[in-house]
Structure formats: C-alpha cells, structure tokens
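Q: Structure provided below as structure tokens; questions to follow.
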Amino acid sequence: AAGQRALAAGHLRRARTDFRAVLRLRPGLAGAEVNLGVIAERQRRWSAAHAHLRRARQLAPHLAGVELDLGLLDYHLNHYRRAAGEFRRFLAQQPASPQARALLGFCLFYRYRYRSAMATLLPLWPRMHANFTYLYVISIAAGKSSRPHLAHRAMRRLRAIGAGSPAMKLILARGYLNLQQDAKALPLLLAAIRQAPRLPFAHFSLGIVYQRRHQYGAARREFERDLRIEPRLVYDYEHLGQVALATAHPRQAVGWFAKAVRLAPRLAAAQFGLGEAWLRSRHYRRALAALAIAQNLAPASASVRLMEGRALLLSGHRRRARLAFAQATRLRKQAQDKLRREISGRHLPALPAPALHR
1328 AAGQRALAAG HLRRARTDFR AVLRLRPGLA GAEVNLGVIA ERQRRWSAAH
1378 AHLRRARQLA PHLAGVELDL GLLDYHLNHY RRAAGEFRRF LAQQPASPQA
1428 RALLGFCLFY RYRYRSAMAT LLPLWPRMHA NFTYLYVISI AAGKSSRPHL
1478 AHRAMRRLRA IGAGSPAMKL ILARGYLNLQ QDAKALPLLL AAIRQAPRLP
1528 FAHFSLGIVY QRRHQYGAAR REFERDLRIE PRLVYDYEHL GQVALATAHP
1578 RQAVGWFAKA VRLAPRLAAA QFGLGEAWLR SRHYRRALAA LAIAQNLAPA
1628 SASVRLMEGR ALLLSGHRRR ARLAFAQATR LRKQAQDKLR REISGRHLPA
1678 LPAPALHR
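Structural data, given as structure tokens:
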C-alpha cells in the first residue's frame, strides 16, 4: 500500500524500495513485478522494465494489463512489430479496449501497413473523432490507402479541433517542408515552438530548415534540443551526422551515425552516412562494411553504389570500383534515387503518434 501511494505521488525511488521489500517478503508476487516494471519505464531503465514485466507475465499469464504495459514499453522504444503482437494478445483478453486497438492501429501505421491500420482504427471513429493523434494517423493512412474522401474528412476535423494549436502549426509546417516551401514553414515552426517549447519533432523540423539553408550551427542546436525532448529519435542522430559531414568533422559524424544505426539498424540513410563518414576518416574496410548494409537495404540506390566505388578505388580495388561505378550509372538512368532524397531532407519521416496513456 505504501508503494502504491508513493507511485501515485510520483515518488519513484521510494515506491521502488517498497515494492522490492514486498518481493523479499513474498517472492513471486506478480503485482509487485508489474509495479517495478512501470517504475523502471518511467525512469527510462528499459532493460529492467522489460525484465520485470516479462517476469510478471510468466508468474501470472492471465494478469490483466501486463501485455498492455509491455506493448506500451515497446511502442515507446519504436519496436512496433513486437508491440503489435502484445496489443493483439491483450485484445484477445479484452477485445473492447479502445486504447489497445488504437495503439495496434498506430503500430500498423508505422510499419507502413496502411490498409490494416485503417481497418483497425476506423471502428474507433465515434469515440475518437476528436482525438488529435487519431485524426492525424487516419488522415495519412486514408491518403496512402486511396481513400481521399476519408483523408479530407479527417483533415477537416483536425483543422476544426486544432485551429491555432502548436500541433496543427507543426503539421502545416511539415506539409510546406515536404513541398520545399521552407519560407512558409519557418514562421509556423517558430510560432509552434513559442507556444510549446517541448513539442516533439518541432525542433527537428526547424533544424531541417536551417540545414537546407546551410546554417549548420543553428541546425545542430535544434537537433540537439529535439534530442533532449526525445532521446531516442533516430532522425536527430542521422541529421547531426549529416551536419558533421557538411562541416568537415567526419569523426564526429561517425559517432552520430553509429548512434542512429544502433537505434534503427535498417535505416538505409544512416548506414549510408556511416559509410561516408568512415570513408572520409580513411577507414575503408569499415566504410565498405556499412555501405554493404546500405546496399542490402536500398538495392536500387545509385548513391550507395557510387560511394562504394569511391571506397573501393581508394582502398586499391580498381576492378571492383569500376564495376560499382558502372552499376551506379545504370541505376541512375533507371530511376530517381529515393535514398538521396532522404539524405537531402527532401523526404521527411512521418510525425510520431504518441502513446495514449492510461
């Protein structure tokens, strides 16, 4: 009871001490493990949170809420596939949970399964048609699913409930950024940050504007501010690496890109940046290793092949370099290079949808 009171009041260290004492008195009590998992999550001790919650599930497989807590943890860490499985298991126990259904839909959305996301989320419209996050996801998923009327309906609702809000300013600014209209995006971003200085993704988006304008000091400050708000946003690390390369600091760029690929090993642009950073640092073997991963992730990218050719040439592999350059030329003739658009900031990631807290 003391632990519950401390947890409710936000006294996490005191609550942790109490729940540990409970487990010493009664080892294997699943409820205490759940609470210790929640405390560890709030303290950003992710491995400990996972361990406590998995133990709770093992001790009490039918304990309501453990699957949801595990799903929320994985959702927060951007492990959307694993989180989706946990939300599905929770829904099998409690099919009427709107929170679990919404979070499952968001997971599907971030895995680019737009039609499945729509099928999951649409039954929630009567309940959630005034929820900003829900409407944002519906508007994007409907557009990607060739349902323009629903996309426009969601956008009209967004404008109605979000007029003048910092979140709406951010969404409008992101639209302008995607259209390369940075001059229109800039005042919206500055206004959003004045209203909500800790609005996730706002400082990142402002950093993109400064990066495109080659104002690298200002861009670096904005990306670093965004990281202080959300330390696991991989795109901040990726763009800090790009800024370091642009300002001739390849060893710094290695550090930033390495952090990005640790968080998202399948992010092709980050693997490409790491390869370029190692290349400029004259570590050719490491450069080729990173570029090989980038090539597997983006096999149609001429940029990767071109960078690989440079690394091979500088490391003395002339014959392999000629083959890579020839392949880069063929790929460039075949199609536009999507990866190069991502690296330049012309193709921006979707805004994250925050978890719905219980």
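Counting with my numbering, you get residues 1328 to 1685 for the letters of the sequence shown. Beta carbons: idealized from backbone N, C-alpha and C, even for Gly.
1) If distances are taken between C-alpha atoms only, which option among Arg-1484, Ile-1535, Arg-1371 and Phe-1550 comes closest to Ala-1500?
2) Using the C-alpha atoms, what's the distance from Arg-1369 back to Thr-1574?
3) Have a look at Gln-1331 and Leu-1485 and give me their C-alpha separation to the nearest angstrom.
4) Can you grab the Cα-Cα spacing for the pair Val-1715 / Thr-1344, in whole Å?
5) So Phe-1550 is in the alpha helix (DSSP H); what residue range does that whole segment cover?
6) At what residues does the alpha helix (DSSP H) containing Ala-1616 begin and finish?
7) For Arg-1685, which residues of its own chain have a beta-carbon under 6 Å away from its beta-carbon, when the five flanking residues on both sides are left out?
8) So what's Gln-1733 in DSSP terms, helix, strand or just coil?
9) Could you round the C-beta distance between Ala-1651 and Leu-1615 to whole angstroms and report it? I think they count as a contact, below 8 Å.
10) Checking 7 Å against the spacing of the C-beta atoms, do Met-1445 and Ala-1419 come in under that value?
11) Does the Cβ of His-1541 have 16 or more other Cβ atoms within 10 Å, making it buried, or fewer, making it exposed?
12) Please tell me whether Leu-1334 and Ala-1342 are closer than 7 Å, where the distance is taken between their beta carbons.
13) DSSP state of Leu-1560, grouped into three classes?
14) Roughly how many whole angstroms lie between the Cα atoms of His-1566 and Gln-1579?
15) Hey, quick one: how far does the alpha helix (DSSP H) through Thr-1301 stretch, first residue to last?
16) Starting from Pro-1354, trace the alpha helix (DSSP H) in both directions and tell me its first and last residue.
17) Which complete beta strand (DSSP E) runs does the stretch 1474-1543 hold, if anything under 3 residues is left out?
18) Using C-beta distances below 6 Å, list every residue in its chain close to Tyr-1564, excluding the 5 sequence neighbours before and after it, in chain order.
19) Looking at the secondary structure, which residues open and close the alpha helix (DSSP H) in which Pro-1425 lies?
20) Using C-beta distances below 8 Å, list every residue in its chain close to Trp-1373, excluding the 5 sequence neighbours before and after it, in chain order.
21) I'd like the list of long-range same chain contacts for Trp-1605, defined as Cβ closer than 7 Å, with 5 residues on each side in sequence excluded.
22) Residues in the same chain with beta-carbon distance under 7 Å from Asp-1396, minus the five sequence neighbours each way, listed in chain order, please.
23) CB-CB under 8 Å to Leu-1451, same chain, minus the five flanking residues each way: which ones, in chain order?
24) With H, G and I counted as helix, E and B as strand and the rest as coil, what does DSSP make of Leu-1390?
25) Counting only the same chain and skipping the five closest in sequence on each side, list residues whose C-beta sits under 8 Å from that of Gly-1337.
26) Between which residues of its own chain and His-1530 is the CB-CB distance below 8 Å, once the five residues before and five after are set aside?
27) For a test of the three-state rule: what should DSSP assign to His-1684, helix, strand or coil?
28) I need the boundaries of the alpha helix (DSSP H) containing Ser-1466, first residue and last residue.
29) Taking C-alpha atoms, which residue in Phe-1528, Gly-1544 and Gln-1538 lies nearest to Pro-1558?
30) Do you know offhand how far Phe-1417's Cα is from Gly-1392's?
31) Assign Gly-1636 to one of three DSSP states: helix, strand, or coil.
32) If you draw a straight line from the C-alpha of Ser-1532 to the C-alpha of Ala-1523, how long is it?
33) With DSSP collapsed to three states, give me the class of Gln-1421.
A: Here's the rundown:
1) Counted from its first residue, the sequence shown places residue 1500 at position 173. Of the listed residues, the one whose Cα sits closest to Ala-1500 is Ile-1535.
2) Within the sequence shown, the letter at position 247 stands for residue 1574. Within the sequence shown, the letter at position 42 stands for residue 1369. The straight-line gap separating the alpha-carbon atoms of Thr-1574 and Arg-1369 is approximately 37 Å.
3) By 1-based counting over the sequence shown, the position of residue 1331 is 4. By 1-based counting over the sequence shown, the position of residue 1485 is 158. Rounded to whole angstroms, Gln-1331 to Leu-1485 spans 38 Å at the Cα level.
4) The structure shown has nothing for residue 1715, since the chain only spans 1328 to 1685.
5) In the sequence shown, residue 1550 corresponds to position 223, counting from 1. Its alpha helix (DSSP H) spans residues 1543-1556.
6) In the sequence shown, counting from the first residue as 1, residue 1616 sits at position 289. Its alpha helix (DSSP H) spans residues 1611-1624.
7) Numbered from 1 along the sequence shown, position 358 holds the residue referred to as residue 1685. Bear in mind that the predicted position of Arg-1685 carries a pLDDT of just 32, short of 50, making it too unreliable to give a figure here.
8) Lying before the first or after the last residue shown, residue 1733 is absent from the chain, which here runs from 1328 to 1685.
9) As a first step, residue 1651 must be located in the sequence shown, where it is residue number 324. As a first step, residue 1615 must be located in the sequence shown, where it is residue number 288. No, Ala-1651 and Leu-1615 are not in contact; Cβ-Cβ is about 10 Å, not under 8 Å.
10) Numbered from its first residue, the sequence shown carries residue 1445 at position 118. Numbered from its first residue, the sequence shown carries residue 1419 at position 92. For Met-1445 and Ala-1419, no; Cβs fall outside 7 Å.
11) On the sequence shown, residue 1541 is found 214 positions in, with the first residue counted as 1. Exposed, since its Cβ has fewer than 16 Cβ neighbours within 10 Å.
12) The residue given as residue 1334 occupies position 7 in the sequence shown. The residue given as residue 1342 occupies position 15 in the sequence shown. Cβ distance < 7 Å, so Leu-1334 and Ala-1342 count as in contact.
13) Position 233 of the sequence shown holds residue 1560. Of the three classes helix, strand and coil, the one that applies to Leu-1560 here is coil, per DSSP.
14) Within the sequence shown, the letter at position 239 stands for residue 1566. Within the sequence shown, the letter at position 252 stands for residue 1579. If you take the alpha carbons of His-1566 and Gln-1579, they lie about 12 Å apart.
15) Because the chain here runs from 1328 to 1685, residue 1301 falls outside it and cannot be looked at.
16) Taking the sequence shown and counting its residues from 1, the one referred to as residue 1354 is at position 27. Segment: none, Pro-1354 is in no alpha helix (DSSP H) and carries neither H nor E.
17) Note on the stretch 1474-1543: there is no whole beta strand (DSSP E) run with a minimum of 3 residues.
18) The residue labelled residue 1564 in the question sits at position 237 within the sequence shown. The beta carbon of Tyr-1564 sits closer than 6 Å to the beta carbons of Trp-1583, Lys-1586 and Ala-1587 from its chain, once the five residues preceding and following it are set aside; these are given in chain order.
19) The residue given as residue 1425 occupies position 98 in the sequence shown. Looking at the DSSP string, the run of the alpha helix (DSSP H) that includes Pro-1425 is 1425-1437.
20) Walking along the sequence shown from the start, residue 1373 turns up at place 46. Same-chain partners within the cutoff: Ala-1367, Leu-1400 and Leu-1404.
21) Within the sequence shown, numbered from 1, the residue matching residue 1605 stands at position 278. In chain order, Val-1581, Arg-1613, Ala-1614 and Ala-1617 place their CB closer than 7 Å to the CB of Trp-1605, counting only its own chain and leaving out the 5 sequence neighbours on each side.
22) Position 69 of the sequence shown, counting from 1, holds the residue named residue 1396. Cβ contact annotation for Asp-1396 (same chain, cutoff 7 Å, sequence separation greater than five): Val-1361, Gly-1364, Val-1365 and Leu-1380, in chain order.
23) To locate residue 1451, count along the sequence shown from 1; it is residue 124. Cβ neighbours of Leu-1451 beyond the five flanking positions: Pro-1425, Arg-1428, Ala-1429, Gly-1432 and Tyr-1461.
24) For this step, residue 1390 is matched to residue 63 along the sequence shown. Judged by DSSP in its simplified three-state form, Leu-1390 adopts coil rather than helix or strand.
25) Walking along the sequence shown from the start, residue 1337 turns up at place 10. Beyond the five residues adjoining it in sequence on each side, Gly-1337 comes within less than 8 Å, by CB distance, of no other residue in the same chain.
26) For the purposes of this step, residue 1530 is identified with residue 203 of the sequence shown, where counting begins at 1. The residues are Ile-1520, Glu-1549, Phe-1550, Arg-1552, Asp-1553 and Ile-1556.
27) Numbered from its first residue, the sequence shown carries residue 1684 at position 357. Its pLDDT being 35, under 50, His-1684 is placed unreliably by the model, and the measurement read from it follows with that caveat. It is coil, neither helix nor strand.
28) By one-based count along the sequence shown, residue 1466 stands at place 139. Counting along the chain, the alpha helix (DSSP H) containing Ser-1466 begins and ends at 1459-1471.
29) Walking along the sequence shown from the start, residue 1558 turns up at place 231. Shortest Cα-Cα distance from Pro-1558 to any of Phe-1528, Gly-1544 and Gln-1538 involves Phe-1528.
30) Your numbering for residue 1417 matches position 90 in the sequence shown. Your numbering for residue 1392 matches position 65 in the sequence shown. In a straight line, the C-alpha of Phe-1417 is about 7 Å away from that of Gly-1392.
31) In the sequence shown, the residue the question calls residue 1636 occupies position 309. The answer is helix: DSSP assigns Gly-1636 an H, G or I state.
32) Residue 1532 sits at position 205 when you count from the first residue of the sequence shown. Residue 1523 sits at position 196 when you count from the first residue of the sequence shown. Separation of Ser-1532 and Ala-1523 (C-alpha to C-alpha, rounded to the nearest whole angstrom) is 14 Å.
33) Working through the sequence shown from its first residue, we reach residue 1421 at position 94. DSSP places Gln-1421 in coil when its eight states are reduced to three.
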